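Asker:
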Amino acid sequence: MTQRLIGQDHAVAQFVDATREGRLHHAWLLTGPRGVGKATLAWSIARWLLTGAASDDLSVPADDPVARRIAALSESAVQLIRRPWDDKSGRLRAEITVDEVRRLLSFFRMTAADGGRRIAIVDAADDMNPQAANALLKLLEEPPTDGLILLVAHQPARLLPTIRSRCRTLRLTSLSPERMAEALAGLGVVDQVEALAALSEGSVGEALRLSGQDGLTRYQQIVDLFGTLPRMDRMAAARLSDAAAGRPGAGGDPFDLTVTLLDRFLTRTARAGLMGAPLPQAAKNEGALMSRIAPDDRAARDWAGAQARLSARARSGRAVNLDPAALVMDMLTELAHLPPARSALPAPN
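Laid out in structure tokens, this is it:
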């Protein structure tokens, strides 16, 4: 639904130049961090090509009939492939199935009968199961006439090398704080933009999630908890763990939010040990705390190693339905016993 792509001028220019110079490849891999505009770019490309717009920035008038049909998912020249809905469970399936990809075969056959360009958007290609990936590979090996395939990929390394080799890559980058503020303002987010930009690492999608789930408040709780080192406040740790056990809903999953924010805290702490306290800060007293518990590169390595190890363990435990509160408490307990946590000087009164 987003009409304007912000902060990805280089990727846009690459695609526009390739099209105008007659080098429009049949398949494009749109990569980069989650939430920086990859899907927005895919839909912008579809609107721009099908309307024949002459703009240099892929912009198309919102009242264009084709643009309106695309927004309503009723444009016959565009096919969206994504995780299908499961009526039994009442939620999206975990993977893109082979049946979804096979729909593209009949979709592209329409080109010969109806004429004109056909565009398929796979969002996200990371979600394809092995059978679906193999079916897509066959399509890429024999590209359809006047067909264009746009693959949105958050983790392109998970795709088959043979799929990647048959696509031209457009890499999108994290947004600068200034462009983040511009993008968030356009989406109605104007409060604590600097902190959201810092914590979301330049991802508009992640900033929206944090804003919608009150992520900055939860992150402040994490900073305050680690501020009690070297003797972590177990009651505060228990409250944080219990909050992670809330029921997932339309607003998101409290466990995923908590583990993600712990990841961010540990990553930022490890960087502080190497490069100094982060600016801008994402929470009150964050910089002073990180300078205290990560004073050198040895502490940075300890925090970085814990982040990789504990995050993977917590998410694996959640995948097999272990108690989320216990998983978070286990993470916090182990972190409290790391060498830099035990040796951290108490905060001044």
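So the sequence shown is numbered by the working numbering: it starts at 40 and just counts up by one. By construction, the Cβ of each residue, glycine as well, lies at the ideal position given by its N, Cα and C atoms. Note that the coordinates shown come from a computational prediction; the quantities given were computed from them, not determined experimentally.
1) Looking at the unbroken beta strand (DSSP E) that takes in Thr-208, where does it start and where does it end?
2) Please name the residue, chosen from Met-167, Asp-102, Gly-155, that lies closest to Arg-132 on a Cα-to-Cα basis.
3) Using alpha carbons as the reference points, say which of His-193, Met-370, Ser-330 lies closest to Leu-300.
4) What separation, rounded to the nearest whole angstrom, lies between the Cα atoms of Leu-226 and Arg-107?
5) Using beta-carbon positions only, say whether Leu-198 and Ala-171 come within less than 7 Å of one another.
6) Looking at the structure shown, is Gln-231 part of a helix, part of a strand, or coil, going by DSSP?
7) Should Leu-209 and Trp-342 be called a contact, given that it needs their Cβ atoms to be closer than 7 Å?
8) Taking Thr-267 as part of the alpha helix (DSSP H), name the residues at either end of that continuous run.
9) Report the residue ranges of all alpha helix (DSSP H) runs contained in full by the region 130 to 155; include only those spanning at least 4 residues, in chain order.
10) Span of the alpha helix (DSSP H) holding Val-359?
11) Would you kindly work out how many angstroms separate the C-alpha atoms of Glu-233 and Arg-270, rounded to a whole number?
12) When you compare only the Cα positions, how much space is there between Gln-346 and Phe-294?
13) Per DSSP, what kind of secondary structure is Gln-42 in: helix, strand or coil?
14) Mind checking who Gly-74 pairs with in its DSSP beta bridge?
15) For the beta strand (DSSP E) containing Ala-192, name the first residue and the last one.
16) Are three or more beta carbon pairs between the region 329 to 336 and the region 308 to 321 nearer than 8 Å?
17) Three-state secondary structure (DSSP) at Val-4?
18) Does the distance from the C-beta atom of Thr-308 to that of Ala-333 stay below 7 Å?
19) Considering only the alpha carbon of each residue, which of Arg-340, Glu-325, Ala-284, Gly-312 lies closest to Leu-361?
20) Following the continuous beta strand (DSSP E) through Arg-157, name the residue where it begins and the one where it ends.
21) Report all residues from its chain with a CB closer than 6 Å to the CB of Ile-135; omit the five preceding and five following residues, and keep chain order.
22) Can you find the residues in the same chain that come closer than 6 Å, C-beta to C-beta, to Ala-375, ignoring five residues on each side of it along the sequence?
23) If Ile-84 sits next to Leu-214, beta carbons under 8 Å apart, how far is it from one beta carbon to the other, in whole angstroms?
24) As a quick exercise: from Ala-116, Thr-58, Pro-195, Trp-124, pick the residue whose alpha carbon is nearest that of Ile-158.
25) Can you give me the Cβ contacts of Ala-353 inside the same chain, cut-off strictly under 6 Å, excluding the 5 residues immediately before and after it?
26) Considering Arg-303, what are the terminal residues of the alpha helix (DSSP H) in which it resides?
27) Give the secondary structure of Leu-226 by DSSP, where H, G and I count as helix, E and B as strand, and everything else as coil.
28) Could you tell me which residues DSSP pairs with Asp-125 in its beta bridges?
29) Suppose you measure from the CA of Ala-383 to the CA of Arg-273; what does that come to, to the nearest Å?
30) CB-CB under 8 Å to Ala-151, same chain, minus the five flanking residues each way: which ones, in chain order?
Answerer: According to the data block:
1) The residue given as residue 208 occupies position 169 in the sequence shown. Here the beta strand (DSSP E) through Thr-208 covers 207 to 210.
2) The count along the sequence shown starts at 1 and reaches residue 132 at position 93. Of Met-167, Asp-102, Gly-155, the residue nearest in Cα terms is Met-167.
3) As a working mapping, residue 300 is identified with position 261 in the sequence shown. Of His-193, Met-370, Ser-330, the residue nearest in Cα terms is Met-370.
4) One-based indexing of the sequence shown puts residue 226 at position 187. One-based indexing of the sequence shown puts residue 107 at position 68. Their backbone Cα atoms lie some 20 Å apart in a straight line.
5) Sequence index remark: in the sequence shown, residue 198 carries index 159 (1-based). Sequence index remark: in the sequence shown, residue 171 carries index 132 (1-based). No, the Cβ-Cβ distance between Leu-198 and Ala-171 is not below 7 Å.
6) Working through the sequence shown from its first residue, we reach residue 231 at position 192. Coil.
7) Residue mapping note: residue 209 aligns to position 170 of the sequence shown, counting from 1. Residue mapping note: residue 342 aligns to position 303 of the sequence shown, counting from 1. Cβ distance not < 7 Å, so Leu-209 and Trp-342 don't count as in contact.
8) Walking along the sequence shown from the start, residue 267 turns up at place 228. That residue, Thr-267, is in no alpha helix (DSSP H); it is neither H nor E in DSSP.
9) 137 to 153
10) If you number the sequence shown from 1, residue 359 lands on position 320. Taken as a continuous stretch (DSSP letters only), Val-359 belongs to no alpha helix (DSSP H), as it is neither H nor E.
11) Along the sequence shown, one-based indexing puts residue 233 at 194. Along the sequence shown, one-based indexing puts residue 270 at 231. One C-alpha to the other measures close to 31 Å.
12) Along the sequence shown, read from residue 1 onward, the residue named residue 346 stands at position 307. Along the sequence shown, read from residue 1 onward, the residue named residue 294 stands at position 255. The alpha-carbon atoms of Gln-346 and Phe-294 are separated by roughly 16 Å.
13) Counting from one through the sequence shown, the residue named residue 42 turns up at place 3. Gln-42 falls in the coil class under three-state DSSP.
14) Position 35 of the sequence shown holds residue 74. For Gly-74, which the question treats as bridged, DSSP gives no partner whatsoever.
15) Taking the sequence shown and counting its residues from 1, one reaches residue 192 at position 153. Segment 186 to 192, the beta strand (DSSP E) holding Ala-192.
16) yes
17) Residue 4 cannot be examined here, being either before or after the span of the chain that is shown, 40 to 388.
18) Here the question's residue 308 lines up with position 269 in the sequence shown. Here the question's residue 333 lines up with position 294 in the sequence shown. Going by C-beta atoms, Thr-308 is nearer than 7 Å to Ala-333.
19) Counting from 1 along the sequence shown, the entry for residue 361 is found at position 322. With distances taken between Cα atoms, Leu-361 lies closest to Ala-284.
20) Numbered from 1 along the sequence shown, position 118 holds the residue referred to as residue 157. From DSSP, the beta strand (DSSP E) with Arg-157 extends over 157 to 162.
21) The residue given as residue 135 occupies position 96 in the sequence shown. Hits under 6 Å: Arg-122, Asp-166, Met-167, Ala-171.
22) Here residue 375 corresponds to residue number 336 of the sequence shown, with the count starting at 1. Cβ within range, chain order: Met-271.
23) The residue you call residue 84 lines up with position 45 of the sequence shown. The residue you call residue 214 lines up with position 175 of the sequence shown. That belief does not hold up - the Cβ atoms of Ile-84 and Leu-214 are roughly 19 Å apart, past 8 Å.
24) For the purposes of this step, residue 158 is identified with residue 119 of the sequence shown, where counting begins at 1. Of the listed residues, the one whose Cα sits closest to Ile-158 is Ala-116.
25) The count along the sequence shown starts at 1 and reaches residue 353 at position 314. Result list for Ala-353: Val-298, Leu-366, Met-370, in chain order.
26) On the sequence shown, residue 303 is found 264 positions in, with the first residue counted as 1. 293 to 314 is the extent of the alpha helix (DSSP H) around Arg-303.
27) As a first step, residue 226 must be located in the sequence shown, where it is residue number 187. Leu-226: coil per DSSP, three-state reduction.
28) In the sequence shown, the residue the question calls residue 125 occupies position 86. Bridge partners of Asp-125: Arg-130.
29) For the purposes of this step, residue 383 is taken as the residue at position 344 of the sequence shown. For the purposes of this step, residue 273 is taken as the residue at position 234 of the sequence shown. Distance between the alpha carbons of Ala-383 and Arg-273 is about 17 Å.
30) As a working note, residue 151 is residue 112 in the sequence shown. Low local confidence applies: a pLDDT of 47 at Ala-151 is under 50, so the model's placement there is unreliable, and no value is given.
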